[in-house]
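Numbering (this note's numbering), first residue to last: 586 to 1325. Every residue gets a Cβ at the ideal spot worked out from N, C-alpha and C, and that includes glycine. Notes follow once the structure below has been shown.
In structure tokens:
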């Protein structure tokens, strides 16, 4: 603290003396020195700085193509890109913000990789669990732009913050804020310049700095009003188009089997399922020679019961393989046998006869190429992900061998190659297309290419997506194009990561989903459409919530409370606009779902009988109903028929029936009966009794004139048999009006 001594006279001095002495005598005026103590003004502590070495580039010489410290300049990470990045010297305030040195970036030719041209400060030490603010001064011709990132270190490149900035021609400060996880110890600062508006333009960067922020109070999340969603059913808008969703089953915490809300969404909007994890090698063959199908069977059975198909994922992948497979010992021939056996066993398990397959397609091989278009496992990069036990032990021929094994085991399934970044990375996609052409030239079966499409909002742009889809459409002989794992990362712009999804951001996602689906449908001819699969149902179940680290994301079509997001409406709008749904011909058929193609909808068990949807037996189409467990002759299968028949009208009534045991010794009598409740209960025989023999579908048929004129309170149409031990299939139940 500071002390000041003040000399006073006159009245101030007198009063001071009176108070001090308690005396009223008037003494001569004398100076008095008063000590005044003034508290120190606390000095404001500067925030703790991030230790960025050479943030202003003053340690470098003009013309250098790298910089002192942890700087990395990458002008051309792919062969098709060309630019120059170097240190320049300039007068302060012109092309340097402070001092005499800065970085100059000149973009000449873009590649397909939006991250191909960059500068980065690698492995910047930080304190985990703290909030950081980083800034840089940038200058570029008006209209140029750059993406400024804070990321976790290579090779994960997890996003902590991103700002996309358009430059103005003047120096401007770009600020990013990031919250680090407790486990974080390093971050990466990166700036990307691969943008058309930057071609033949210069951008200057100077004065990188950063510091730790005080704790930021939690943001209060407002009640957001999102744009209306009116879509009722995606699959109804495109009945002959695969609209899929990836889901788990079995013992997973987000298994659909015990989540009725998820089932409701699936059954309303989707017609195909992909197994999120449970069909991957490590789950299906955890121990050599011992296959575990419980969880995947549960998923397939659920699909079968609800008239859904399944896209299998995946036979062969370098990741998520069991430890025994990773460390398998043997020569090349032994490796081939092991791989082919896995494919054969799995494919055969799920293959069904004829047109009754539920698992209708497979990702045979997943992610066999690196970003540079070379095979994973060739070790053409320093990336730790450049490993594949399949390539390293078999060579590139593991791919055609896998497809041949898959076709031999399941002759009817569509066989896909599946990979990420194909939707924007031309080098990788071209390598895959070259592989497909080689397959065609050598008689190797392949039916399609799967674009995983784990992407971020508006990146890649729609023109890039269209161009890459078109490349596959143009392959001859034709193959199918499938978007296999679509999600759109949202929390990747705007500096501080978002804590809630704003209505504006949700509408941007809606538009992007619309653009993607519209572009797919406009680009891919109907006979080459493999479909589009969304990688999850609700946002909270998305893998992006934990990858590459815990975050908050909204990449899917439904909120965590199971309500639809505007993104769902975007998908619906594109389907409605571009899918032509043929109007059905007027039908004389009065009974709905008599062929069970919509499942068991509106059919019920009668008495003690149990009924189940059967997809291995059908008189026509794909499905029938199986009746079992009868204990009375009137037990069977029934349907509400109230209001179906009109007094005085005549109807043709028919049903097809088949015994469930093709070797059964009995030949039970079976008939269709109508139970009417009005003034009394009546049981009306609609068809005569027909004996059903083993092995054949038999038609029950009859003509019925409705004579009841009083109002009915209930009516039930049912199939019954005089033989209690008979279990039987029912299909194609029909009621048509006879024109009079």
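Around the C-beta of residue i, are 16 or more other C-beta atoms found within 10 angstroms, so that it is buried, or is it exposed?
i: residue 1120; result: buried
i: residue 894; result: buried
i: residue 809; result: exposed
i: residue 1009; result: buried
i: residue 1261; result: buried
i: residue 1309; result: exposed
i: residue 1133; result: exposed
i: residue 1084; result: exposed
i: residue 917; result: exposed
i: residue 1031; result: buried
i: residue 919; result: exposed
i: residue 1158; result: buried
Residue i to residue j, Cα distance in whole Å?
i: residue 937; j: residue 1201; result: 8 angstroms
i: residue 1216; j: residue 1239; result: 25 angstroms
i: residue 928; j: residue 787; result: 54 angstroms
i: residue 986; j: residue 1023; result: 13 angstroms
i: residue 988; j: residue 666; result: 35 angstroms
i: residue 944; j: residue 701; result: 39 angstroms
i: residue 960; j: residue 767; result: 36 angstroms
i: residue 1056; j: residue 1017; result: 11 angstroms
i: residue 1266; j: residue 1298; result: 10 angstroms
i: residue 1234; j: residue 1324; result: 9 angstroms
i: residue 1151; j: residue 1208; result: 35 angstroms
i: residue 1225; j: residue 1186; result: 11 angstroms
i: residue 1181; j: residue 1189; result: 12 angstroms
i: residue 1205; j: residue 1222; result: 19 angstroms
i: residue 668; j: residue 798; result: 36 angstroms
i: residue 756; j: residue 680; result: 9 angstroms
i: residue 690; j: residue 660; result: 8 angstroms
i: residue 852; j: residue 840; result: 15 angstroms
i: residue 1249; j: residue 1197; result: 20 angstroms
From the options, pick the residue whose C-alpha is nearest to that of residue i; which is it?
i: residue 1177; options: 1206, 1317 and 1154; result: 1317
i: residue 1321; options: 1301, 1288, 1296 and 994; result: 1288
i: residue 1130; options: 968, 952, 744 and 822; result: 744
i: residue 1154; options: 1185, 1102, 858 and 1124; result: 1102
i: residue 688; options: 647, 696 and 661; result: 647
i: residue 739; options: 754, 758, 747 and 773; result: 773
i: residue 1244; options: 958, 1203, 1011 and 1228; result: 1203
i: residue 1073; options: 1062, 1066, 1092 and 1065; result: 1092
i: residue 1272; options: 1319, 1312 and 1231; result: 1319
i: residue 1219; options: 825, 991 and 1256; result: 1256
i: residue 1038; options: 1014, 1069 and 1259; result: 1069
i: residue 887; options: 923, 910, 898 and 834; result: 834
i: residue 949; options: 1000, 730, 724 and 712; result: 1000
i: residue 686; options: 678, 696 and 674; result: 674
Which of helix, strand or coil does DSSP assign to residue i?
i: residue 961; result: coil
i: residue 616; result: Summary for residue 616: the model assigns pLDDT 47, below 50, so the residue's position carries little reliability; its value from the coordinates is reported in the next sentence. In the structure shown, residue 616 sits in coil (DSSP, three-state: anything other than H, G, I, E or B).
i: residue 719; result: strand
i: residue 1221; result: strand
i: residue 659; result: strand
i: residue 1108; result: helix
i: residue 1193; result: coil
i: residue 724; result: strand
i: residue 889; result: helix
i: residue 667; result: strand
i: residue 1234; result: coil
i: residue 1291; result: coil
i: residue 990; result: helix
i: residue 693; result: strand
Using a threshold of 8 angstroms, state whether the C-beta atoms of residue i and residue j are closer than that.
i: residue 1194; j: residue 1212; result: yes
i: residue 658; j: residue 791; result: no
i: residue 1283; j: residue 1253; result: no
i: residue 635; j: residue 733; result: no
i: residue 1242; j: residue 1147; result: no
i: residue 900; j: residue 947; result: yes
i: residue 782; j: residue 754; result: no
i: residue 891; j: residue 1116; result: no
i: residue 883; j: residue 921; result: no
i: residue 855; j: residue 829; result: yes
i: residue 762; j: residue 717; result: yes
i: residue 676; j: residue 683; result: no
i: residue 972; j: residue 903; result: yes
i: residue 1047; j: residue 1136; result: no
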